[in-house]
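The structure under discussion appears below in the form of structure tokens.
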Amino acid sequence: MNPFQHRKELISFGAFLVSLLFFVPPAHSLIIPPDPFESTDRFALLSPAPDGTITHVSVKVKAPGPDPLGPGELWALLQYKLPGNNKFFSSASSPINIQELGTANSTLIEFDVSNEPMPANAYHRKLHIYYQASPETLPLEVAEYRPEQLLFSP
């Protein structure tokens, strides 16, 4: 038996592994649990219509500061860009009346943006959630979701 046979096999196997690391592009995947809000409120779920436009957005929100927010309205603002255009477009949801938004537990809320749906070919998407106590007060941003935090529901 040739004592160098195993050494040659190890060297060729090592060269194969090195070539895999350097020449095969890495793949990224995100495994989404059945309920993406089960353990975190860092994601928003975009629900597309059959034509691909985004008509509903689900998020878990809570009051941003140390104090709960009283009665008022919550609404969502989707911002995005379209191919061939470098400016941002917006889609606003219908307001949702709330009695209170606590600081300890997040509340699951679904916003309806079907009046101004986000097109299917939109990119660089952002989502802002606002609270407004009354029409006379300025809106308070409760949450902001970056593009990597926006997940599509199946």
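Counting in my numbering, the sequence shown runs from 2 upward without gaps.
Just so you know, even glycine gets a beta-carbon here, dropped at the ideal spot from N, CA and C.
All figures in this text were calculated on a predicted structure; none of them were measured in a lab.
- With at least 16 other beta carbons inside 10 angstroms of its own, residue 61 counts as buried.
- With a cutoff of 8 Å on beta-carbon distance, residue 69 and residue 102 are scored as near each other.
- CA-to-CA, the gap between residue 124 and residue 151 works out to about 11 Å.
- In the three-state scheme derived from DSSP, where H, G and I count as helix and E and B as strand, residue 137 is classed as coil.
- For residue 81, the closest alpha carbon among the candidates 153, 63, 128 is that of 128.
- At the C-beta level, residue 92 and residue 114 come within 8 Å of one another.
- In this structure residue 75 is in contact with residue 97, their Cβ atoms being roughly 5 Å apart against a cut-off of 8 Å.
- Restricting attention to 89, 43, 47, the CA atom closest to the CA of residue 111 is found in 47.
- In the DSSP assignment, the residues bridged to residue 82 are 89, 124.
- Leaving aside the five residues that flank residue 43 on each side, the residues in its chain whose CB is nearer than 7 Å to its CB run, in chain order, 150.
- DSSP links residue 113 through a beta bridge to 57.
- In this structure, residue 126 and residue 148 form a Cβ contact; the two beta carbons are roughly 5 Å apart against a cut-off of 8 Å.
- In terms of Cα proximity to residue 94, the closest of 13, 77, 16 is 77.
- Residue 13 has no beta-bridge partner at all, per DSSP.
- If you check the CB distance, residue 120 and residue 83 come in under 8 Å.
- In this structure, 57 is the residue among 10, 16, 14, 57 with its C-alpha nearest to the C-alpha of residue 117.
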